[in-house]
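Numbering (the working numbering), first residue to last: 460 to 742.
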Ligand code: PMP
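Here is the structure:
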């Protein structure tokens with residue numbers, strides 16, 4: 460039997476009933492997070508929880524639980540579902556109330572839900588790399604908020620999928636922003652490049668881990684946007700996210716990167732990332 464998070468309780472999946480006028484359902488009026496579980500342990504949980512509260516604040520939604528309480532609930536969600544390797548998804552909406560764009564009255568309580576999934580790590584993609592395609596970034600101008608509104612990302616990812624690609628690399632005019640659900644990195648002449656953390660991208664937690672790894676292995680970082688042409692001319696390209704980790708990109712719209720081979724810096728970053736993965740707890 461599967462268990463879910465519903466507000467401040469762990470319940471069976473069947474017990475989760477969402478109101479048809481939930482604002483998440485009608486307006487995408489809410490925010491979410493995904494946290495990876497390695498060997499039964501939540502990875503960078505505090506960073507994800509902190510970002511959850513920042514996203515909530517940016518949309519003027521008050522989460523009715525402390526960060527500590529939420530952390531505890533997420534831990535219980537993992538335990539209840541006996542997740543060893545996988546991830547948890549959780550979201551909070553502004554609650555259910557008769558449809559009206561204006562915020563509901565203060566007595567309407569936000570609705571928190573969460574799910575845990577057992578999945579294996581993406582070993583094949585990590586090893587061989589993936590293909591990507593450029594797609595115009597038609598999203599709104601607050602991509603730093605992890606909003607439930609994902610239509611721009613959904614349409615881009617679908618376009619990539621239909622072209623046989625794993626990821627859509629988004630661009631505004633000639634400037635590369637990020638992937639539809641990942642941050643984009645390039646290595647050129649021994650320097651790691653990625654878009655600065657501003658309103659045009661989500662400040663990925665994995666992005667932060669990658670920048671830490673780069674520092675640890677002596678790879679200098681330049682947080683500056685790249686054009687599409689500059690990205691194509693990089694020695695190495697990779698994407699990073701909670702579930703994709705450090706995934707090499709070996710082909711963009713049929714143009715090979717590094718001759719279609721995973722680059723040496725990407726391999727070093729992957730290895731450094733690996734050292735941060737929580738080890739199994741011995742009993
Ligand atoms: N950018 C976007 C648009 C995303 O949706 C995601 C993943 N949710 C990321 C970047 C990567 O963020 P993280 O490393 O925190 O998973």
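By construction, the Cβ of each residue, glycine as well, lies at the ideal position given by its N, Cα and C atoms.
Straight across, the Cα-Cα distance linking residue 538 with residue 714 is about 45 Å. Around the CB of residue 560, fewer than 16 other CB atoms lie within 10 Å, so the residue is classed as exposed. A residue is called buried when at least 16 other Cβ atoms come within 10 angstroms of its Cβ; residue 477 does not meet this threshold and is exposed. For the ligand PMP, a non-hydrogen atom lies closer than 6 Å to the CB of residue 661. In the three-state reduction of the DSSP assignment, residue 502 falls in the coil class. Residue 652 sits buried, since 16 or more C-beta atoms from the chains shown fall within 10 Å of its C-beta. Uninterrupted alpha helix (DSSP H) stretches at least 4 residues long and entirely within the stretch 621-697 occur at 664-675, 687-691, given in chain order. Exclusion of the five residues before and after residue 579 leaves 544 as the residues of its chain whose Cβ lies within less than 7 Å of its Cβ. Burial state of residue 605 is buried, judged by a 10 Å Cβ sphere holding 16 or more other Cβ atoms. Residue 734: not part of any alpha helix (DSSP H); DSSP gives it neither H nor E.
By the beta-carbon neighbour count (other beta carbons within 10 angstroms, threshold 16), residue 734 is exposed. Residue 530 has its alpha-carbon roughly 32 Å from the corresponding atom of residue 615. Counting only runs of 3+ residues, the beta strand (DSSP E) found wholly inside the stretch 527-571 occupies 545-552, in chain order. When C-alpha distances from residue 534 are compared across 562, 547, 522, 524, the shortest belongs to 547. Counting along the chain, residue 468 sits inside the beta strand (DSSP E) bounded by residues 468-471. DSSP places residue 489 in the uninterrupted beta strand (DSSP E) bounded by 489-497. Counting along the chain, residue 583 sits inside the alpha helix (DSSP H) bounded by residues 582-587. Secondary-structure assignment with DSSP links residue 523 through no beta bridge to anything. If you ignore the 5 residues before and after residue 640, its C-beta comes within less than 7 Å of the C-beta of 612, 616, 700, all in its own chain and listed in chain order. Residue 676 counts as exposed, since fewer than 16 other C-beta atoms from the protein chains shown sit within 10 angstroms of its C-beta. Counting only residues of its own chain and dropping the five nearest sequence neighbours on each side, residue 656 has a CB closer than 6 Å to the CB of 662. Separation of the CB atoms of residue 711 and residue 592 is rounded to 7 Å, and the pair is thereby assigned contact status at 8 Å. Selection 586, 670, 665, 549 evaluated against residue 569 yields 549 as nearest (Cα-Cα). Distance from the C-beta of residue 543 to the nearest heavy atom of the ligand PMP is not below 6 Å.
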